[in-house]
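> Have a look at this one before I ask anything.
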Amino acid sequence: SGKTTLLRMINRLVEPTSGIIKLDGADNRSLPGYELRRSIGYAIQGHGLFPHRTVAQNIATVPVLLG
25 SGKTTLLRMI NRLVEPTSGI IKLDGADNRS LPGYELRRSI GYAIQGHGLF PHRTVAQNIA
85 TVPVLLG
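What follows is the structure, given as structure tokens:
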């Protein structure tokens, strides 16, 4: 039903073909994609997770790498 696609559009892993997405009133295209993704959380489903790590460790991977 498009839930994952919507989340991917919010953090600009997928660009919408029409319309705009606003976060806190600001167009999500106002920042470069990499900066936008650093400012919001996103946990990859299934195949993108590390099976030997806990949920918290998987979610914390990017913030830990960024310092």
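First residue of the sequence shown: 25, per the working numbering; consecutive thereafter. Glycine included, every Cβ here is placed at the ideal spot set by N, Cα and C.
So, are the CB atoms of Leu37 and Arg61 less than 9 Å apart?
Against a cut-off of 9 Å, the Cβ pair of Arg61 and Leu37 comes out as a contact.
> Below 8 Å CB to CB, which residues in the same chain sit around Lys46 once its five sequence neighbours on both sides are set aside?
Within the same chain, Lys46 has close Cβ partners Asn52.
> By Cβ distance below 8 Å, which residues in the same chain neighbour Thr29 in space, the five residues on each side in sequence not counted?
Answer for Thr29: Val38, listed in chain order.
> Helix, strand or coil, according to DSSP, for Leu47 in the structure here?
Strand at Leu47.
> Classify Asn35 as helix, strand or coil using the three-state DSSP reduction.
Reduced to three states, the DSSP call for Asn35 is coil.
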